[in-house]
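Chemist: First, the structure itself, so that you have it in front of you.
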């Protein structure tokens, strides 16, 4: 019928009392499914007889999310199989396509809203210390009543701050004790501290956005231990990705075991090479349920983020991160991820929200 994905998703969300995150996920799945049917001449990329004797072949069209196409096929013919078997089937079809479904043109065929940018010139490889005025990074850490985690995070990160063009290390502390604050300041005398007067993580984040004046910012919470040995300097790697792709607004410094593989064009043997570009609403990507932007450790491009008008964290909501992430996605901005683990989450001694007397619905 002629119903639009947005209207259908809104009706489903209202009927089942879904949150906006789930509503927009459904909308994206429907949009992606319809978009290739609206092409002037839909093209069958492969017809895979992966369930011989049980169902007709699976037709996969240019622009399809292969996993979604297989799920719809199974639903249509009421055929059931285990998750493991399904994974093998999807992998076999993608292999038969020579992984063409990873390409920018294939994804654009279903997206329709984000044409690929022209190829940029080859990148030089950054060598720390970074010297370009465009690669000056402010590092911001938010902390709240978790001194031991904060100390571990800072000690593990400082070697990376010493070898890259970090303009400033800024800590926003949310109501730690006076004694803990003295320890933090005495331990890191070169770090700038801001002690917020109003409680709440969202308030600290809005304060951060008001204070930081550099284009690039690395954001960290107080419970991430940085690995001592990595294949590349993660800040330099992230900055190279931001320079390469003008639609990327954030580079998460940890792999999310998700996204489409992409490569940076370089002319020497010190290439950063691989990274991953996130796509919202892709069925078989582990992170596909999330719009993209995250408070996990990552480098933000604040100039690109400013394209989203009056964007702030909702201080009256306990799901402000997902609201902010959806707003960034609706602005047409995207997220990339490094292909390795830069920092390990160590925050297991209690939620800072609970410690601060502001528990979320899922704490």
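Numbering (full-length UniProt numbering), first residue to last: 1 to 363.
Beta carbons: idealized from backbone N, C-alpha and C, even for Gly.
Quick test of your reading: residue 214 and residue 174, contact by CB under 8 Å. State the CB separation rounded to the nearest angstrom.
Modeler: Locating residue 214 in the chain shown gives position 214, counting from the first residue. Locating residue 174 in the chain shown gives position 174, counting from the first residue. Contact doesn't hold; Cβ gap of about 22 Å is too wide.
Chemist: Distance check for residue 100 and residue 211, CA to CA, integer angstroms please.
Modeler: Residue mapping note: residue 211 aligns to position 211 of the chain shown, counting from 1. Residue mapping note: residue 100 aligns to position 100 of the chain shown, counting from 1. Approximately 44 Å, taken between the alpha carbons.
Chemist: Report the option in 308, 283 and 334 whose CA atom is closest to the CA atom of residue 299.
Modeler: Taking the first residue of the chain shown as position 1, residue 299 is located at position 299. Considering only alpha carbons, the answer is 334.
Chemist: Pick out whichever of 227, 154 and 90 has its Cα sitting closest to the Cα of residue 254.
Modeler: Working through the chain shown from its first residue, we reach residue 254 at position 254. For residue 254, the nearest C-alpha among the options comes from 227.
Chemist: Considering only residues of the same chain and omitting the five flanking positions on each side of residue 123, which have a CB-CB separation below 7 Å?
Modeler: Along the chain shown, one-based indexing puts residue 123 at 123. Its pLDDT being 39, under 50, residue 123 is placed unreliably by the model, and nothing is read from it.
Chemist: Taking the alpha-carbon positions, what's the residue 229 to residue 96 distance?
Modeler: If you number the chain shown from 1, residue 229 lands on position 229. If you number the chain shown from 1, residue 96 lands on position 96. Distance between the alpha carbons of residue 229 and residue 96 is about 37 Å.
Chemist: With DSSP as the reference, label residue 219 as helix, strand or coil.
Modeler: The residue given as residue 219 occupies position 219 in the chain shown. If DSSP states are grouped into helix, strand and coil, residue 219 belongs with the strands.
Chemist: In angstroms, rounded to a whole number, what distance separates the CA positions of residue 35 and residue 22?
Modeler: Locating residue 35 in the chain shown gives position 35, counting from the first residue. Locating residue 22 in the chain shown gives position 22, counting from the first residue. Their Cα atoms are separated by approximately 20 Å.
Chemist: Residue 198 by DSSP, collapsed to three states: which one?
Modeler: Here the question's residue 198 lines up with position 198 in the chain shown. It is coil, neither helix nor strand.
Chemist: When burial is assigned at 16 or more other CB atoms within 10 Å of the CB, is residue 54 buried or exposed?
Modeler: The sequence position of residue 54 within the chain shown is 54, counting from 1. Label assigned to residue 54: exposed.
Chemist: Can you grab the Cα-Cα spacing for the pair residue 324 / residue 186, in whole Å?
Modeler: Here residue 324 refers to the residue found at position 324 of the chain shown. Here residue 186 refers to the residue found at position 186 of the chain shown. When rounded, the distance between both Cα atoms is 35 Å.
Chemist: Does DSSP put residue 346 in a helix, a strand or coil?
Modeler: One-based indexing of the chain shown puts residue 346 at position 346. Residue 346 falls in the coil class under three-state DSSP.
Chemist: Using a Cβ-Cβ cutoff of less than 6 Å, which residues in the same chain neighbour residue 336 once the five nearest sequence positions on both sides are dropped?
Modeler: Locating residue 336 in the chain shown gives position 336, where the first residue counts as 1. If we look at residue 336 and ignore the five residues flanking it on each side, its Cβ neighbours are 241, 248, 251, 275 and 277.
Chemist: Let me make sure I understand the geometry here. Which of 82, 196 and 155 has the alpha-carbon closest to that of residue 145?
Modeler: As a working note, residue 145 is residue 145 in the chain shown. Considering only alpha carbons, the answer is 196.
Chemist: Would a C-beta distance cut-off of 9 Å place residue 379 and residue 232 closer than the cut-off?
Modeler: The first residue shown for the chain is 1 and the last is 363, placing residue 379 beyond what the model contains.
Chemist: Rounded to a whole number of angstroms, what is the C-alpha to C-alpha distance between residue 341 and residue 256?
Modeler: As a first step, residue 341 is located in the chain shown; it is residue number 341 there, counting from the start. As a first step, residue 256 is located in the chain shown; it is residue number 256 there, counting from the start. Those two C-alpha atoms are separated by around 9 Å.
Chemist: With 16 other CB atoms within 10 Å as the buried threshold, where does residue 172 fall?
Modeler: As a working mapping, residue 172 is identified with position 172 in the chain shown. Under a 10 Å Cβ-count criterion, residue 172 is classified as buried, with 16 or more other Cβ atoms of the shown protein chains found around its own Cβ.
Chemist: For residue 84, is the classification buried or exposed, using 16 other Cβ atoms within 10 angstroms of its Cβ as the cut-off for buried?
Modeler: Position 84 of the chain shown holds residue 84. Exposed is the call here.
Chemist: Within 10 angstroms of the Cβ of residue 307, are there 16 or more other Cβ atoms? Answer buried if so, exposed if not.
Modeler: Stepping through the chain shown from its first residue, residue 307 is reached at position 307. The residue is exposed, with fewer than 16 neighbouring Cβ atoms inside 10 Å.
Chemist: How long is the line joining the alpha carbons of residue 343 and residue 62, rounded to whole angstroms?
Modeler: Walking along the chain shown from the start, residue 343 turns up at place 343. Walking along the chain shown from the start, residue 62 turns up at place 62. Whole-angstrom Cα-Cα distance: 37 Å.
Chemist: On the DSSP letters alone, give me the boundaries of the alpha helix (DSSP H) that residue 35 sits inside.
Modeler: Counting from one through the chain shown, the residue named residue 35 turns up at place 35. It spans 20-35 - the alpha helix (DSSP H) in which residue 35 sits, taken as one unbroken run.
Chemist: Measure the Cβ-Cβ separation of residue 260 and residue 293 and say whether it is below 9 Å.
Modeler: Locating residue 260 in the chain shown gives position 260, where the first residue counts as 1. Locating residue 293 in the chain shown gives position 293, where the first residue counts as 1. No, Cβ-Cβ distance for residue 260 and residue 293 is not below 9 Å.
Chemist: Do residue 139 and residue 209 count as a contact pair if the criterion is CB distance below 9 Å?
Modeler: Within the chain shown, numbered from 1, the residue matching residue 209 stands at position 209. Within the chain shown, numbered from 1, the residue matching residue 139 stands at position 139. No.
Chemist: Given that a residue counts as buried once 16 or more other Cβ atoms are within 10 Å of its Cβ, and exposed if not, what is residue 110?
Modeler: Taking the first residue of the chain shown as 1, we reach residue 110 at position 110. Buried.
Chemist: Counting along the chain, where does the beta strand (DSSP E) carrying residue 170 start and finish?
Modeler: As a working mapping, residue 170 is identified with position 170 in the chain shown. Where residue 170 is concerned, the enclosing beta strand (DSSP E) stretches over 166-173.
Chemist: I believe residue 89 touches residue 50 by the beta-carbon criterion, under 8 Å. Please report the beta-carbon distance rounded to the nearest angstrom.
Modeler: Working through the chain shown from its first residue, we reach residue 89 at position 89. Working through the chain shown from its first residue, we reach residue 50 at position 50. A Cβ-Cβ separation of about 5 Å places residue 89 in contact with residue 50 under the 8 Å criterion.
Chemist: What span of residues does the alpha helix (DSSP H) with residue 234 cover, start to end?
Modeler: Within the chain shown, numbered from 1, the residue matching residue 234 stands at position 234. Segment 234-244, the alpha helix (DSSP H) holding residue 234.
Chemist: What is the DSSP secondary structure of residue 255, counted as helix, strand or coil?
Modeler: Working through the chain shown from its first residue, we reach residue 255 at position 255. Of the three classes helix, strand and coil, the one that applies to residue 255 here is coil, per DSSP.
Chemist: Hey, would you say residue 311 sits closer than 9 Å to residue 331, going by beta carbons?
Modeler: For the purposes of this step, residue 311 is taken as the residue at position 311 of the chain shown. For the purposes of this step, residue 331 is taken as the residue at position 331 of the chain shown. Cβ distance < 9 Å, so residue 311 and residue 331 count as in contact.
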